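Chains as they are written, first to last, in my numbering: chain A, 315 to 625; chain B, 19 to 268. For glycine and all other residues, C-beta sits at the position ideal for the given N, C-alpha and C. Since the model is a prediction, treat every value here as computed from it, not as a measurement. Beneath this line is the structure, given in structure tokens, with notes to follow.
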Amino acid sequence: MTTLIVAELEKNQLKESVRQLIAASTPIPGEKHLLIMGHQLDKALAECQLLPHISKIIVADDASLSDESAEKMAEVVLSIAEQYSHILTPATAFGKNFLPRVAARLDVPQLSEVIQVKDAEHFSRPIYAGSLITDVKVTEKIIPMTIRISAFDAVQGRNANGATIEKLSMPTLPNISQRVSLNLHDSTRPQLDSAKVVVSGGRGLSSQENFHALLEPLADKLNAALGASRAAVDLGYAPNDYQVGQTGKIIAPNLYIAVGISGAIQHLAGMKNAKCIVAINKDPDAPIHQVSDYSLVGDLNEVIPELTSKL
Amino acid sequence: MKILVPVKRVLDYNIKPRAKADGSGVELTGLKMSMNPFDEIALEEAIRLKEKGIASEVVAVSCGQTSSQDTLRTALALGADRAILIEHDGEFEPLAVAKCLVKLIEQEQPKIVICGKQAIDDDANQTGQMLAALLNWSQATFASKVEVEEDRLLVTREIDGGLETLSVTLPSVVTTDLRLNDPRFATLPNIMKAKKKPLETIQANTLGIDLTPRVTILGVREPDPRSSGVRVDSVDSLIDKLKHEAKVIA
Ligand SMILES: Cc1cc2nc3c(=O)[nH]c(=O)nc-3n(C[C@H](O)[C@H](O)[C@H](O)COP(=O)(O)OP(=O)(O)OC[C@H]3O[C@@H](n4cnc5c(N)ncnc54)[C@H](O)[C@@H]3O)c2cc1C
Ligand SMILES: Nc1ncnc2c1ncn2[C@@H]1O[C@H](COP(=O)(O)O)[C@@H](O)[C@H]1O
């Protein structure tokens, strides 16, 4: 039994989520191999060599892979997939995009958003926006799955792992999709999906100006990432990649401060596993209070400036 | 050009799902079912392309039990020209749905398939990508904007750090994100008219596909509940609790 972990990169660097993928894979017996795909991967490769538990690193380095097209990445993974019992990738826009293509071509089902790996055949995953959990058994020759990063504690340690390095001989890649442009929101803040503290705003912020004027200083004080409800994103208060929830980011920070967010189940799906939840809402009956550790009922326009100034 | 829109019948998003008492599955009896919200968006996009004269025909298809006819009638009322039910009584996994859709697409020859990005019951987020792979088509997932050019689509996608724009060769599978459009509501006259539109049924077991579920569900349960928290009456007391009780800020 050998597991393949497909790591996500960002600007040619290894994302920290690889450590949670390794953690998720530990109950599966056998070796762990790591695949990185992209172009100019020297830096990423050096980072891979410091990861624990990895016995082999496979590098797929090709200029045409720099745009992370799903069609191409799936082809790369398929060229080695038959050697593996399990294929793991993060349940992010990256992993969700290509892994189902791999599964379909291998004629095996995929497990999405796995939150627990009990052994090589038993897994748990949320359904219905996390309102329910299902425990499943799969006995396929290859099991592709996307891993919900926030459900696993990263493996620790940085040591030369002595892994063998293999340069992948590139399969023929399809050319049916091209990236035209990429607009990433540059931010000096911690990233939403890995931040220890998140300050999130909803419709209650009432305007884009207010959203930023009130929440940015608070986030600055707490060294926090900013998040938002769907309503706040739809209304243009915040960019789309701020959305927390069933169909946005699913996160588990140490502290989540929900400001002017009612707590619809689709929103709770994205943050209810935070270690400490604070709700600031003027409605004492808002459902957000039911999942909060600390609820402050009040007008956010008064509470937030006071909180920011007193921190 | 013809557009195919797969629509799934799911528990209405306003209803809180519960596990069956014996933990064998999700309790659905007697509860309100609706079209998967992402599929409403997919259908809306297809209808708008028809209204702009870009699409010639919009065909809605659903894989499921006889009851999925309701969802297809809704699709017809919203503006689909025809509907097809691929009927099967048992569990329908994403891979099996994708395989049924492949058979249908071989017959119908659409240029574009617009799926939802995920069904809000299984939260799988797989079917569109699987379908594209089986057909060897391009894909553009999590779309927030779609423009049709002669033999390509320009699609803006919502990804983790922001937005990406792709140019994909047709035929293609698009999956919709929430901000692609605001779906319309069905009007009463259109609901009446929909009753006369064609709705065909194909028995899934005539398609030569093995529909046996391959993921065994051992149980469905509720997650551990959060212990209910406390009300704090002032900002000072909140800061005090965060510092000394929860110890999440310094
Ligand atoms: C398929 C689907 C997927 C979805 N996915 C997501 C998702 O991923 N993420 C998500 O967030 N939502 C999602 N939603 C939407 C979700 O159902 C809710 O509509 C949304 O979360 C509501 O956002 P909100 O809490 O900001 O707004 P509202 O529900 O309008 O709540 C605003 C809150 O602000 C409070 N407020 C107003 N003024 C003040 C003030 N001055 N001071 C203090 N409090 C104030 C109000 O009391 C209220 O509780 C999805 C919906 C669907 C159908
Ligand atoms: N049973 C089904 N019938 C029709 N379309 C489906 C079905 N299941 C999934 N789909 C389509 O595939 C999308 C993604 O579903 P899923 O992969 O299950 O999350 C949905 O939004 C639908 O467009």
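Query - Exercise answer, beta-carbon shell around ligand 1 heavy atoms below 5 Å - result: A:Gly516, A:Arg517, A:Gly518, A:Ser543, A:Arg544, A:Ala545, A:Gly559, A:Gln560, A:Thr561, A:Gly562, A:Gly574, A:Ile575, A:Ser576, A:Ala578, A:Gln580, A:His581, A:Asn595, A:Lys596, A:Asp597, A:Ala600, A:Asp613, A:Leu614, B:Tyr31, B:Pro55
Query - Close Cβ partners of B:Cys148 (< 7 Å) along its chain, the five nearest in sequence each way excluded - result: Correcting the residue identity first, residue 148 of chain B is Met in this sequence and not Cys. Result list for B:Met148: Pro112, Leu113, Ala116, in chain order.
Requested in this report: Would you be able to state if there are at least three C-beta pairs under 8 Å between the segment 131-148 of chain B and the segment 96-110 of chain B?
Outcome: no
Report task. Would you tell me roughly how many angstroms separate the C-alpha atoms of A:Met351 and B:Val248, rounded to the nearest one? Result -> 47 Å
Query raised in the report: Apart from the five residues just before and just after B:Ser156, which ones in its own chain have a Cβ nearer than 6 Å to its Cβ?
Result: Val186, Thr187, Ser190
Query raised in the report: For B:Ala142, is the beta carbon positioned less than 7 Å from some heavy atom of ligand 2?
Result: yes
Query raised in the report: At a cut-off of 7 Å, is B:Phe110 close to ligand 2 when judged by its beta-carbon and the heavy atoms of the ligand?
Result: yes
Query - Local Cβ density within 10 Å of B:Phe203, reported as buried at 16 or more and exposed below that - result: exposed
**Report entry** Positions along the segment 125-142 of chain B whose CB lies within less than 9 Å of some CB in chain A
**Finding:** Lys135, Gln136, Ile138, Asp139, Asp140, Asp141, Ala142
**Report entry** Within-8 Å CB hit, A:Val431 to chain B
**Finding:** no
Query raised in the report: Any heavy atom of ligand 2 within a distance shorter than 7 Å of the CB on B:Gln83?
Result: no
Query raised in the report: Taking the alpha-carbon positions, what's the B:Ala150 to B:Thr234 distance?
Result: 25 Å
**Report entry** Whole-angstrom C-beta distance between A:Val373 and A:Leu482, which should lie under 8 Å
**Finding:** 6 Å
Query raised in the report: Relative to the C-alpha of B:Ile227, which residue among B:Thr84, B:Ser245, B:Glu240, B:Leu122 is closest?
Result: B:Leu122
Query raised in the report: In whole angstroms, what separates the C-alpha of B:Ile72 from that of A:Leu413?
Result: 31 Å
Requested in this report: May I ask which residues mark the beginning and end of the alpha helix (DSSP H) holding A:Gln522?
Outcome: 522-536
Report task. With a threshold of 16 other CB atoms inside 10 Å of the CB of A:Gly577, please say whether the residue is buried or exposed. Result -> buried
Query raised in the report: What number of angstroms, rounded off, separates the C-alpha of B:Leu49 from the C-alpha of A:Ser445?
Result: 16 Å
Query raised in the report: Taking only beta-carbon atoms, is A:Ala377 less than 8 Å away from chain B?
Result: no
Query raised in the report: For B:Phe160, which three-state DSSP category applies?
Result: strand
Query raised in the report: Is the distance from the Cβ of A:Asn475 to the Cβ of A:Pro366 below 8 Å?
Result: yes
**Report entry** C-alpha gap between A:Val605 and B:Lys34, whole angstroms
**Finding:** 15 Å
Requested in this report: For the segment 205-216 of chain B and the segment 82-98 of chain B, state whether three or more C-beta atom pairs, one from each stretch, are separated by less than 8 Å.
Outcome: yes
Query raised in the report: Should the segment 52-64 of chain B be called in touch with the segment 606-623 of chain A, which here means at least 3 C-beta pairs below 8 Å?
Result: no
Query - Coil, strand or helix - B:Asp258 by DSSP - result: helix
Report task. Classify A:Leu392 as helix, strand or coil using the three-state DSSP reduction. Result -> helix
Report task. Mind reading off the beta-carbon distance from B:Arg244 to A:Lys563? Whole number of angstroms is fine, and I expect it under 8 Å. Result -> Going by Cβ atoms, the distance from B:Arg244 to A:Lys563 rounds to 19 Å, so no, they are not a contact pair.
Query raised in the report: How would you call A:Val494, buried or exposed, if buried means at least 16 neighbouring beta carbons within 10 angstroms?
Result: exposed
Report task. Given a cut-off of 8 Å, decide if B:Pro128 and B:Leu198 are closer than it, judged by their beta-carbon atoms. Result -> no
Report task. Identify the contact partners of A:Tyr551 in chain B, using a Cβ-Cβ distance below 8 Å as the criterion. Result -> Near A:Tyr551 there are no residues of chain B at all, since even the closest Cβ is about 13 Å away, more than 8 Å.
Query raised in the report: Looking at the structure shown, is A:Tyr608 part of a helix, part of a strand, or coil, going by DSSP?
Result: strand
Requested in this report: Report the three-state DSSP secondary structure of A:His603 (helix, strand or coil).
Outcome: helix
Report task. Answer yes or no: does any C-beta atom of chain A fall closer than 8 Å to that of B:Gln144? Result -> yes
**Report entry** Cβ-Cβ distance between A:Glu389 and A:Pro504 below 8 Å
**Finding:** no
Query raised in the report: From A:Ile429, A:Ser521, A:Glu454, A:Leu328, pick the residue whose C-alpha is nearest to that of A:Gln354; which is it?
Result: A:Leu328
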